[in-house]
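I have placed the structure first, in the form of structure tokens, so that the comments after it can refer back to it.
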Amino acid sequence: MTREPVIRLRRVYDPPEPAADGVRVLVDRLWPRGLAKAVAGVDEWPKAVTPSTELRKWFHDGGSAEEFRERYEAELAEPGAVAELARLRSLAGAGPLTLLTAVKDPASSHAAILAERLAD
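If you count the sequence shown from 1, you need to add 38 to reach this note's numbering.
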């Protein structure tokens, strides 16, 4: 019987919780400002599943959340992202996987979209 993967969303600025976090995966394209790598406790940084620079800039210039989702899902369907998604699913199947982002509300961010795709 396969167990249900545990995928958590957290801010990268919050202190690591080693017992609950499992593998900590940064899902932002850029390293978070003011955060030392030693403090962040990031295990993986797979840029193939992060929103592209172009998509991020488009969204910050006033793009809609609905269209962002469509464009980001299209990026996640590209071969490099598909391979990385499969690897992350495998990690999630082995134990907790925590997706880390610098955004203030991870539940309303690209990290939530990514978590949905990983849970499929």
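Virtual Cβ for every residue (Gly too), placed ideally from N, Cα, C.
From the DSSP output, read off the bridge partner residues of residue i.
i: Ile45; result: Leu135
Buried or exposed for residue i, please, with buried defined as at least 16 other CB atoms from any protein chain shown within 10 angstroms of its CB.
i: Glu116; result: exposed
i: Ala149; result: buried
i: Arg91; result: According to the sequence displayed, residue 91 carries Thr and not Arg. Counting Cβ neighbours within 10 Å, Thr91 comes out exposed, since fewer than 16 surround it.
i: Ala62; result: Note that residue 62 is Arg in the sequence shown, not Ala. Buried is the call here.
i: Leu147; result: It should be noted that the sequence gives Ser, not Leu, for residue 147. Flag for Ser147 reads buried.
i: Gly100; result: exposed
i: Glu42; result: exposed
i: Ala140; result: buried
In this structure, does DSSP put residue i in helix, strand or coil?
i: Glu82; result: strand
i: Ala140; result: coil
i: Val159; result: Any property of residue 159 remains undetermined from this structure, which presents the chain solely from 39 to 158.
Using only the alpha-carbon positions, how far apart do residue i and residue j sit?
i: Lys85; j: Asp66; result: 7 Å
i: Asp143; j: Leu129; result: 24 Å
Jot down the residue ranges of each uninterrupted alpha helix (DSSP H) in the region 53 to 115, minimum 4 residues, whole runs only, in chain order.
-> Correct list: 56 to 59, 75 to 78, 91 to 98, 103 to 114.
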